[in-house]
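Taking my numbering, the leading residue of the sequence shown gets 7, the next gets one more, and so forth.
All residues carry an ideal CB built from backbone N, CA and C; glycine is no exception.
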Amino acid sequence: MSMIKVAILEYEKETKDIVFQLSKLFMHEDWCFRHYLKASDLAKRMKEEDYQLFVFDEMFKNSRMESVFVHDNPNAIVIYVCENPIKTRGDDERSRVFYISKENIAADISAYDQMIRSQCIQSHVYEFNYDGVRMNLSYEDIYYLEKNEKMVYFYTKKGVFHKRDSMNALEEVFKEFGFLRVHVSYIVNSKYIVAWYKDEVELINKVLIPVSRGKRRKISMK
């Protein structure tokens, strides 16, 4: 189990509230944070260590920042602290990017706490046997699972693996780490969802996964 590292690029007042709320969120995890006032200082530090969670003031939401800190760190979770979260978010449907209000930091982080925590702990590993070989896959390396007849296929950054298993059993294991059962035959890593359509979700690797009407309704009610 690796430590969760948080980078905060925010004013001092908001930072205190954010750190206090994160301390409750990661109560049972090893975690640490670094506070920055300049994006350039954070960029320099990133040459030495990786971060699982970035917290930015909305003033840093621009194409250059998105490229350096969000696009180039596809495993990381991002929180933007905004005056008007709905306006700042716009049509952004990425499941690993959250928008919270400066006036309601505690309440908004609390509202997203399970989703934020589950995606941040994806450095944990899933163990299984593949063709007689014991495999350790980080949850963050897995894009989605697909059931095909009696086999479940794991589509990952390291390739495709399969084993005989129950999707219901796997759903119980994977939901703690931010995976969603969007279809009877598919479980997807919510961290890599970039868009929701009527009957599909698009993942960061451009793959489209079918979403059943019943599963979509169940997810929207959470």
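- Assignment of residue 122 by DSSP, reduced to helix, strand and coil, places it in the helix class.
- In the structure shown, residue 9 falls within a coil segment according to DSSP collapsed to helix, strand and coil.
- DSSP, reduced to helix, strand and coil, places residue 201 within a strand of the structure shown.
- Annotation for residue 98: no beta strand (DSSP E) segment contains it, and DSSP assigns it neither H nor E.
- Nearest Cα to residue 100 within the set 158, 111, 157 and 121: 121.
- Where residue 106 is concerned, the enclosing beta strand (DSSP E) starts and stops at 103 to 107.
- Residue pairing by DSSP places residue 80 opposite no residue, since no beta bridge is assigned to it.
- Separation of residue 70 and residue 56 (C-alpha to C-alpha, rounded to the nearest whole angstrom) is 19 Å.
- In this structure, the beta-carbon distance from residue 82 to residue 60 falls below 8 Å.
- Counting along the chain, the unbroken alpha helix (DSSP H) around residue 174 starts and ends at 173 to 180.
- Here residue 192 is buried. Its C-beta has 16 or more other C-beta atoms within 10 Å.
- In chain order, 167 place their CB closer than 6 Å to the CB of residue 136, counting only its own chain and leaving out the 5 sequence neighbours on each side.
- Note that the C-beta distance between residue 150 and residue 209 is below 8 Å.
- Using a 10 angstroms sphere on the CB of residue 140, the tally of other CB atoms stays under 16, which defines it as exposed.
- Taking the Cα positions, residue 62 is about 9 Å away from residue 17.
- With 16 or more other Cβ atoms inside 10 Å of its own Cβ, residue 48 counts as buried.
- If you draw a straight line from the Cα of residue 180 to the Cα of residue 72, it is about 28 Å long.
- Here residue 125 is not near residue 11, since their CB atoms are 8 Å or more apart.
- Distance check between residue 89 and each of 50, 133, 106 and 80 places 106 closest, using alpha-carbon atoms only.
- About 28 Å separates the CB atoms of residue 155 and residue 128; that is not less than 8 Å, and the two are not in contact.
- One alpha carbon belongs to residue 162, the other to residue 212, and they sit about 14 Å apart.
- Shortest Cα-Cα distance from residue 24 to any of 41, 138 and 35 involves 41.
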